[in-house]
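Step one of this worksheet: look at the structure below.
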Amino acid sequence: MSHEEPFFRASRLSRVTRQSKTGDFGVRYSGLVALDMDGVLVPDPSTWERFHQILGTEKERQRNMELFYRGEIDYETWARLDASLWREMSVKPVLGYLSRVPLVEGAHQLVDEMHRLGVATAIVSTGIEIVAEEISKRLGIDFFVANRVIVRRGVFAGEVLVRCPFDGKGLALRRLGENLKIPRRRRAAVGNDSNDVSMFKEATFSIAFNPISEDAEKAASVSIRSETLYEVTDLLRQFFLSPG
133 MSHEEPFFRA SRLSRVTRQS KTGDFGVRYS GLVALDMDGV LVPDPSTWER FHQILGTEKE
193 RQRNMELFYR GEIDYETWAR LDASLWREMS VKPVLGYLSR VPLVEGAHQL VDEMHRLGVA
253 TAIVSTGIEI VAEEISKRLG IDFFVANRVI VRRGVFAGEV LVRCPFDGKG LALRRLGENL
313 KIPRRRRAAV GNDSNDVSMF KEATFSIAFN PISEDAEKAA SVSIRSETLY EVTDLLRQFF
373 LSPG
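The opening position of the sequence shown corresponds to residue 133 in the working numbering, with each subsequent residue numbered one higher.
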């Protein structure tokens, strides 16, 4: 297993890719919104859990999760143990899921509205990178960072490259904001769990969307419970249109 500084990739359909063949950060933005993926853009609370369900490793996953939440292992070890459960398994079963993974209603409108306002969009997720990449392409999200489960020749290698650890979302948002030259006062974040708190702290405005953690609900500027993202879009629009 490897662990490195957060490394954002640009979506193939993003404005960055369309405007710069090198995929660098040469596009000027008026702001930046960081979006959690699991439970925010997609209804699945955990793409890791969904992969375990598809691949039949749920029981082992439960044991690893309990070790983490008891403080007996760190996040990187948890990710490594989970990825090792899939060693030598074909990736084909999860490709079917990727082709039909649902989106929360209003996700397209949220991203489109942010782009209309000149705001950069980014998925910041501790989930699985191939899901984040698929969602980014479907929505036209500008950047994404998540954890890369290694696949070689159509088979899981049992390895993971941790690019966004459990407590690393705040650092990821800060690094992207610095690269894009977007100050904290022009950053927003949307999440739902305790691992989003550090991300909320790196933004001036934060939304807890259907929070599953009391910590996230308390740390956010506002909390919303809804089956759609329309109210989230309205609040983000108000924030980015406000002076500052």
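By construction, the Cβ of each residue, glycine as well, lies at the ideal position given by its N, Cα and C atoms.
DSSP on Leu293, reduced to helix/strand/coil? The three-state secondary structure of Leu293, taken from DSSP, is strand.
What's the call for Lys313, buried or exposed, on a 16-neighbour Cβ count within 10 Å? Lys313 is classed as exposed because its beta carbon has fewer than 16 other beta carbons within 10 Å across all chains shown.
Leu230 versus Phe183 - alpha carbon distance: Rounded to whole angstroms, the separation of the alpha carbons of Phe183 and Leu230 is 10 Å.
Here's the rule: buried if 16 or more other CB atoms are within 10 angstroms of the residue's CB, otherwise exposed. What is Arg141? Counting Cβ neighbours within 10 Å, Arg141 comes out buried, since at least 16 surround it.
Can you give me the C-alpha to C-alpha distance between Val277 and Arg295, rounded to a whole angstrom? When rounded, the distance between both Cα atoms is 7 Å.
Quick test of your reading: Met246 and Leu373, contact by CB under 8 Å. State the CB separation rounded to the nearest angstrom. At roughly 12 Å, the Cβ-Cβ gap does not stay under 8 Å, so Met246 and Leu373 are not in contact.
For Ala278, which of helix, strand or coil comes out of DSSP? Residue state, collapsed to three classes: strand.
By Cβ distance below 6 Å, which residues in the same chain neighbour Val106 in space, the five residues on each side in sequence not counted? No statement about residue 106 is possible, as the shown extent of the chain runs from 133 to 376 and does not include it.
For Val159, which of helix, strand or coil comes out of DSSP? Shown here, Val159 sits in coil according to DSSP, grouped into three states, outside any helix or strand.
Residues in its own chain within less than 7 Å of Val223 by CB, not counting five upstream and five downstream? Val283, Gly286, Val287, Phe288, listed in sequence order.
Helix, strand or coil for Lys153? Go by DSSP, reduced to three states. Note on Lys153: pLDDT 31, under 50, position unreliable in the model; the coordinate value appears next. In the three-state DSSP reduction, Lys153 falls in the coil class, being neither helix nor strand.
Counted within 10 angstroms of its Cβ, other Cβ atoms place Arg160 as buried (16 or more) or exposed: It is exposed - the Cβ of Arg160 has fewer than 16 other Cβ atoms within 10 Å.
According to the neighbour-count rule (16 or more other Cβ atoms, all chains shown, within 10 Å of its Cβ), is Arg318 buried or exposed? Classification of Arg318: buried, given that the 10 Å Cβ count is 16 or more.
Where do the N-terminal and C-terminal ends of the beta strand (DSSP E) with Arg319 fall, by residue? Looking at the DSSP string, the run of the beta strand (DSSP E) that includes Arg319 is 319–323.
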